[in-house]
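S.K.: Before I ask anything, here is the structure I am working with.
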Ligand code: ADP
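Numbering (the UniProt record's numbering), first residue to last: 1 to 547.
Next comes the structure, spelled out in structure tokens:
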């Protein structure tokens, strides 16, 4: 790459753009990721809601089975008491002689006091013409006909209690049994609703009682909680009472309402917890992504810095070789002049004139070295040098002086001329010289490996319209066709170690001075670059003064 400035404007462009593109991608990615986490949270919450609801219903069912078992035990014991009561009534009925209704009445009264669910106690004759001999409630509509009692017991052995169901849905059933060998039967009417009564608050389900033949003695009325239009799960418990005489089926039914089925508060808590997890997850992933992006940006910046550093080192290297080359000649001359001077001083007689000449030559050479250093310093001096009226030929002269050694070292012949007279331009000389330096250097690189007759560079100046043109031509291979359209775009290089910044930089420098730069191929081979700068006309009064 040609010797270029300390700062290279093209370098920032593409790299910074890449970094910006990366940054721009960030929010979109973040947004997508947030939606993904939200969707994940929603799905997880739905699954959790389903599982929580299932577990909740299972738990309610477990509770109901436990309550059902307890109630079943209590009711079975109560039913067993009916057998015992019938046995004691039977003992009174079987007292020899005519039925002692008075004694039966006394016993019945005390039984009913202790067991309010026992609605009626009766003694029925089940002979040829069945009739009621005694009843605590003779005219009760729920009393079974004496004939029905006789029929139910027709095949039953004495002493065995059996159920005679009441009318369907009446809420009563009867327990009957033969009293000894007499054609007498005992009857106990049970208020089933009282029989299945539970402790207040113990049962939340509807409780029912069904006879062996399927007659519903107490139909379970579904307890509250059922919602219109809602067909929630139904919890069910069924078990036949443990009593041998009354094998009635106890049933518990609970139709769960929406609020009972779905554990809203549990689900809300789980969803909140999952939300927290999702939020934390999202944060962690986002932070990690940001850190990754920052790391990428940092490495990009590092690349950029390394690149800038490489460019500077390159420029420094070129400067150093330029300085070495330019100073080598005057220093060598100063050395030989000084040695000659010393010899002169030692020789007799002393040739004072020759010594003075040698010293004066030394002074001239030292001044020249100083001038070269000044020019090199100007070449790299940062800041904005002022534009000043400059002769284009002078600019060419400076560049040639600086690069001559380098070009000659490559075995390339540098030819200057023709140079137009009065080709004055108003520019920052150092900037234009830098651009020109790049063109000459590129030309030298293009021809250095070619046959000696092609190792030639021509620099000339001229006019075109109102512009002063500085033209650099070579006899090299010319510009590659794919390069022609994008010659001044940065980072386009065909050289193995080229950075493709020289032309981009040159264009910037020339345009900053109001000029144009163009490149193309010569008809008979080789490349031709032109720097065109606006012609600077001297002020009229100054011209007059000059005239
Ligand atoms: P670099 O010298 O680092 O490649 P430049 O911007 O100075 O970067 O040049 C870009 C490319 O233009 C070079 O790689 C080369 O292919 C082409 N180029 C420039 N000057 C000439 C020339 N005089 N002859 C042929 N090709 C040239």
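Backbone N, C-alpha and C fix where the C-beta goes; we use that ideal spot for every residue, glycine too. Remember, predicted model here, so these are calculated numbers, not experimental data.
If residue 456 and residue 398 are in contact, beta carbons under 8 angstroms, what's the gap, nearest whole angstrom?
M.R.: Walking along the chain shown from the start, residue 456 turns up at place 456. Walking along the chain shown from the start, residue 398 turns up at place 398. Not confirmed; about 21 angstroms, so no contact.
S.K.: Taking a contact to mean a Cβ-Cβ separation below 8 angstroms, would you say residue 245 touches residue 149 in this structure?
M.R.: Taking the first residue of the chain shown as 1, we reach residue 245 at position 245. Taking the first residue of the chain shown as 1, we reach residue 149 at position 149. It is not a contact, given that the beta carbons lie outside the stated cut-off.
S.K.: Does the beta-carbon distance from residue 390 to residue 469 come in below 8 angstroms?
M.R.: On the chain shown, residue 390 is found 390 positions in, with the first residue counted as 1. On the chain shown, residue 469 is found 469 positions in, with the first residue counted as 1. No, these two residues do not count as a Cβ contact at 8 angstroms.
S.K.: Would you say residue 527 and residue 466 are within 8 angstroms of each other, going by their C-beta atoms?
M.R.: Within the chain shown, residue 527 is the residue found at index 527, counting from 1. Within the chain shown, residue 466 is the residue found at index 466, counting from 1. Not closer than 8 angstroms, so no.
S.K.: Please determine if the region 177-187 and the region 85-105 are in contact, where contact requires at least 3 C-beta pairs separated by less than 8 angstroms.
M.R.: The region 177-187, when compared against the region 85-105, does touch it at the 8 angstroms Cβ threshold.
S.K.: Going by DSSP in three states, residue 136 sits in which element: helix, strand or coil?
M.R.: Taking the first residue of the chain shown as 1, we reach residue 136 at position 136. If DSSP states are grouped into helix, strand and coil, residue 136 belongs with coil.
S.K.: Following a CB-centred definition, is residue 276 positioned closer than 7 angstroms to any heavy atom of the ligand ADP?
M.R.: Here residue 276 refers to the residue found at position 276 of the chain shown. Residue 276 Cβ: outside cutoff for every heavy atom of the ligand ADP.
S.K.: Hey, how far is the Cα of residue 486 from the Cα of residue 37?
M.R.: By one-based count along the chain shown, residue 486 stands at place 486. By one-based count along the chain shown, residue 37 stands at place 37. So the two alpha carbons sit approximately 47 angstroms from each other.
S.K.: Closer than 6 angstroms by C-beta to residue 271: which residues in its own chain qualify, once you throw out the five before and the five after it? Chain order, please.
M.R.: Taking the first residue of the chain shown as position 1, residue 271 is located at position 271. Closer than 6 angstroms at the Cβ level, and outside the excluded window around residue 271, lie 45.
S.K.: If the criterion is Cβ atoms closer than 8 angstroms, does the pair residue 548 and residue 250 meet it?
M.R.: Only positions 1 to 547 of the chain appear in this structure, which leaves residue 548 out of reach.
S.K.: State yes or no: is the C-beta of residue 415 nearer than 7 angstroms to some heavy atom of the ligand ADP?
M.R.: On the chain shown, position 415 is the one that residue 415 refers to. Because no heavy atom of the ligand ADP lies under 7 angstroms away, the Cβ of residue 415 does not count as near it: no.
S.K.: What does the alpha-carbon distance come out to for the pair residue 404 and residue 498?
M.R.: Translated into the one-based positions of the chain shown, residue 404 becomes position 404. Translated into the one-based positions of the chain shown, residue 498 becomes position 498. Computed Cα separation, rounded: 21 angstroms.
S.K.: Do residue 499 and the ligand ADP come close, with the Cβ less than 7 angstroms from some heavy atom?
M.R.: The residue given as residue 499 occupies position 499 in the chain shown. Indeed, a heavy atom of the ligand ADP lies less than 7 angstroms from the Cβ.
S.K.: Between residue 503 and the ligand ADP, is there a pair consisting of the residue's CB and a ligand heavy atom that are separated by less than 7 angstroms?
M.R.: One-based indexing of the chain shown puts residue 503 at position 503. The answer is yes for residue 503.
S.K.: Roughly how many whole angstroms lie between the Cα atoms of residue 353 and residue 341?
M.R.: Counting from 1 along the chain shown, the entry for residue 353 is found at position 353. Counting from 1 along the chain shown, the entry for residue 341 is found at position 341. Roughly 11 angstroms between the two C-alpha positions.
S.K.: Helix, strand or coil for residue 282? Go by DSSP, reduced to three states.
M.R.: As a position in the chain shown, residue 282 is number 282, starting the count at 1. Reduced to three states, the DSSP call for residue 282 is helix.
S.K.: What residues are listed by DSSP as bridge partners for residue 237?
M.R.: Within the chain shown, residue 237 is the residue found at index 237, counting from 1. Its beta-bridge partners are 252.
S.K.: Using the C-alpha atoms, what's the distance from residue 51 back to residue 215?
M.R.: The sequence position of residue 215 within the chain shown is 215, counting from 1. The sequence position of residue 51 within the chain shown is 51, counting from 1. The alpha-carbon atoms of residue 215 and residue 51 are separated by roughly 39 angstroms.
S.K.: Residue 83 and residue 161: beta carbons closer than 8 angstroms?
M.R.: Within the chain shown, residue 83 is the residue found at index 83, counting from 1. Within the chain shown, residue 161 is the residue found at index 161, counting from 1. Result yes, Cβ atoms of residue 83 and residue 161 sit closer than 8 angstroms.
S.K.: Straight-line CA distance for residue 126 to residue 118?
M.R.: For the purposes of this step, residue 126 is taken as residue 126 along the chain shown, with counting starting at 1. For the purposes of this step, residue 118 is taken as residue 118 along the chain shown, with counting starting at 1. Distance between the alpha carbons of residue 126 and residue 118 is about 22 angstroms.
S.K.: From residue 363 to residue 357, what does the alpha carbon distance come to, in whole angstroms?
M.R.: Working through the chain shown from its first residue, we reach residue 363 at position 363. Working through the chain shown from its first residue, we reach residue 357 at position 357. Between residue 363 and residue 357, the C-alpha separation is close to 10 angstroms.
S.K.: From residue 110 to residue 116, what does the alpha carbon distance come to, in whole angstroms?
M.R.: Taking the first residue of the chain shown as 1, we reach residue 110 at position 110. Taking the first residue of the chain shown as 1, we reach residue 116 at position 116. Taking the straight line joining both Cα atoms gives about 10 angstroms.
S.K.: Please name the residue, chosen from 515, 285, 264 and 489, that lies closest to residue 387 on a Cα-to-Cα basis.
M.R.: Within the chain shown, numbered from 1, the residue matching residue 387 stands at position 387. The option with the nearest alpha carbon to residue 387 is 515.
S.K.: Suppose contacts are defined by Cβ-Cβ distances below 8 angstroms. Is residue 575 in contact with residue 267 by that definition?
M.R.: The structure shown does not extend to residue 575, since the chain is modelled only from 1 through 547, so no value can be given for it.
S.K.: Looking only at C-alpha atoms, which of 452, 489, 488 and 463 sits nearest to residue 476?
M.R.: As a position in the chain shown, residue 476 is number 476, starting the count at 1. Ranking the options by Cα distance to residue 476, first place goes to 452.
S.K.: Measure the alpha-carbon distance for residue 26 versus residue 277 and round it to whole angstroms.
M.R.: As a first step, residue 26 is located in the chain shown; it is residue number 26 there, counting from the start. As a first step, residue 277 is located in the chain shown; it is residue number 277 there, counting from the start. Confidence in residue 26 is poor, its pLDDT being 47 and thus under 50, which makes the residue's placement unreliable; the coordinate value appears in the next sentence. Cα to Cα, residue 26 sits roughly 23 angstroms from residue 277.
S.K.: If you draw a straight line from the C-alpha of residue 185 to the C-alpha of residue 73, how long is it?
M.R.: Taking the chain shown and counting its residues from 1, the one referred to as residue 185 is at position 185. Taking the chain shown and counting its residues from 1, the one referred to as residue 73 is at position 73. Approximately 28 angstroms between the Cα atoms of the pair.
S.K.: Under the criterion of a Cβ to heavy atom distance below 7 angstroms, does residue 496 qualify as lining the ligand ADP?
M.R.: What you label residue 496 is simply residue 496 of the chain shown in a count that begins at 1. Flag unset: Cβ of residue 496 not near the ligand ADP.
S.K.: Looking only at C-alpha atoms, which of 495, 346, 365 and 373 sits nearest to residue 337?
M.R.: Here the question's residue 337 lines up with position 337 in the chain shown. For the residues 495, 346, 365 and 373, the minimum Cα distance to residue 337 belongs to 365.
S.K.: Using DSSP's beta-bridge definition, name the partner residues of residue 208.
M.R.: Here the question's residue 208 lines up with position 208 in the chain shown. Residue 208 is bridged to 251.
S.K.: Considering only their Cβ atoms, is the gap separating residue 165 from residue 121 smaller than 8 angstroms?
M.R.: The residue labelled residue 121 in the question sits at position 121 within the chain shown. The residue labelled residue 165 in the question sits at position 165 within the chain shown. No, they are not a contact pair.
S.K.: Would you check if there are 3 or more beta carbon pairs closer than 8 angstroms linking the region 95-112 to the region 201-209?
M.R.: Verdict: no, contact absent.
S.K.: By DSSP, does residue 264 sit in helix, in strand, or in coil?
M.R.: Within the chain shown, residue 264 is the residue found at index 264, counting from 1. Helix at residue 264.
S.K.: Classify residue 294: buried if its beta carbon has 16 or more other beta carbons within 10 angstroms, exposed otherwise.
M.R.: Along the chain shown, read from residue 1 onward, the residue named residue 294 stands at position 294. Classification of residue 294: exposed, given that the 10 Å Cβ count is below 16.
S.K.: Closest by CA to residue 400, which one among 444, 426, 359 and 423?
M.R.: As a working mapping, residue 400 is identified with position 400 in the chain shown. Checked all of 444, 426, 359 and 423; the closest Cα to residue 400 is 444.
S.K.: Taking the alpha-carbon positions, what's the residue 195 to residue 56 distance?
M.R.: The sequence position of residue 195 within the chain shown is 195, counting from 1. The sequence position of residue 56 within the chain shown is 56, counting from 1. So the alpha carbons of these two residues sit roughly 31 angstroms apart.
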